[in-house]
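Data first, discussion second: the structure below is written as structure tokens.
In this note's numbering, the protein residues as written are 146 to 481.
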């Protein structure tokens, strides 16, 4: 495995282009304190200690997606027993709001008696305006992207991404998806801003739901972002996010998930601390080689999972085939 123990500063470059009764909330009389915030020093040590660089060879561009084997896909397909499908995408937004400062551009170009056409543009493909899949060529640490590739000549404004582009996923993602519905665990509609979802929370959910994410799976985490918006209206998801605590990073490495999906564009809770609010998002992409699904909507999925009384399913994600692209809008589908 290759490491770069000299990394410091961590600059990030972004290129734009059971029975029902089981689930009744049981309030605990014992308050479990959150773990200490992850420091810059610990984060940098994890870069060396947890890195997946070189694990699948020096020329790898798939990362943990190597764990999504033909056998894995077949087992995922076997989870489809009811024929029920649900989208995991949020609606693409074509107007500015507090949570979408860079919306998509949509307009009708033709509307006649014989037909109609429209035009869609994504000026901020990695922004909060649409559900999207990030390529490994999206974020870097000190000029390095997934598997240690130097970005200086491999990712340019003129040529795009010559390595780790979205084309690595051109044949689509089909695997087992597992939903972690933390508001359901806590007995609330949504988590309050700043709430840190800990490893203990994740494992409490596994015990309650009888499900566990593992190698090659899609790990989908719900904190209730869309339920909160339904309740109070649009809000700044950068400043007011709940989400995974950075201490979950080693857990993600241990579980060997291939995909991680959440309801915001990678924002974690924003407590006082000395590392970026996108630290986990960036670590997953660049160091662990996990495909990242941003700004998903798990509201309908959570409802169907509860109705079906199971939180595992087949999930498919199909990005656009954009040569040298750093990401793509997607409409992921879960199927029960």
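Even for Gly, the Cβ is constructed at its ideal location relative to N, Cα and C.
Supposed close pair residue i, residue j - CB separation, criterion 8 Å
i, j, result
"residue 407", "residue 441", "7 Å"
"residue 212", "residue 361", "4 Å"
"residue 444", "residue 363", "Incorrect: roughly 17 Å between the Cβ atoms, too far for contact."
"residue 411", "residue 310", "Actually they do not touch by this definition, with Cβ atoms about 19 Å apart."
"residue 477", "residue 234", "6 Å"
"residue 320", "residue 221", "5 Å"
"residue 395", "residue 191", "7 Å"
"residue 402", "residue 219", "About 19 Å; that fails the 8 Å criterion."
"residue 474", "residue 275", "5 Å"
"residue 288", "residue 297", "6 Å"
"residue 419", "residue 184", "6 Å"
"residue 393", "residue 456", "Wrong, their Cβ atoms sit about 18 Å apart, outside the cutoff."
Residue i classed as buried or exposed, judged by whether at least 16 other C-beta atoms fall within 10 angstroms
i, result
"residue 256", "exposed"
"residue 295", "exposed"
"residue 404", "buried"
"residue 367", "buried"
"residue 345", "exposed"
"residue 329", "buried"
"residue 253", "exposed"
"residue 454", "exposed"
"residue 300", "buried"
"residue 215", "exposed"
"residue 245", "buried"
Alpha-carbon spacing of residue i relative to residue j, whole angstroms
i, j, result
"residue 323", "residue 247", "30 Å"
"residue 284", "residue 422", "14 Å"
"residue 120", "residue 202", "Only positions 146 to 481 of the chain appear in the structure, and residue 120 is not among them; the question remains open."
"residue 286", "residue 434", "13 Å"
"residue 352", "residue 266", "44 Å"
"residue 480", "residue 229", "6 Å"
"residue 369", "residue 327", "8 Å"
"residue 200", "residue 348", "27 Å"
"residue 436", "residue 340", "24 Å"
"residue 354", "residue 318", "25 Å"
"residue 241", "residue 268", "13 Å"
- Query: Considering only residues of the stretch 365-430, which uninterrupted beta strand (DSSP E) runs meet the minimum length of 3 residues and lie entirely inside it, listed in chain order?
  - Reply: Listed in chain order, they are 404-406.
- Message: Measuring CB atoms only, is the stretch 454-474 touching the stretch 382-390, in the sense that at least three cross pairs come out at less than 8 Å?
- Response: These segments do not touch.
- Query: Unbroken beta strand (DSSP E) runs of length 3 or more, entirely within the stretch 240-286: which are they?
  - Reply: Counting only unbroken stretches of 3 or more residues, the beta strand (DSSP E) elements lying wholly within the stretch 240-286 are 250-257, 260-266, 277-279, in sequence order.
- Task: At 4 residues or longer, and completely inside the stretch 185-237: list those alpha helix (DSSP H) runs for me, N to C.
- Result: Entirely contained in the stretch 185-237, the alpha helix (DSSP H) runs reaching 4 residues are, in chain order, 185-194, 215-222.
- Query: Does the stretch 279-293 come close enough to the stretch 426-435 that 3 or more CB-CB pairs lie under 8 Å?
  - Reply: In the pairwise beta carbon analysis, the stretch 426-435 is classified as touching the stretch 279-293: at least three pairs are separated by under 8 Å.
- Message: With three or more C-beta pairs closer than 8 Å as the rule, is the stretch 331-342 touching the stretch 297-312?
- Response: Of all C-beta pairs linking the stretch 297-312 to the stretch 331-342, fewer than three are shorter than 8 Å, placing the two stretches out of contact.
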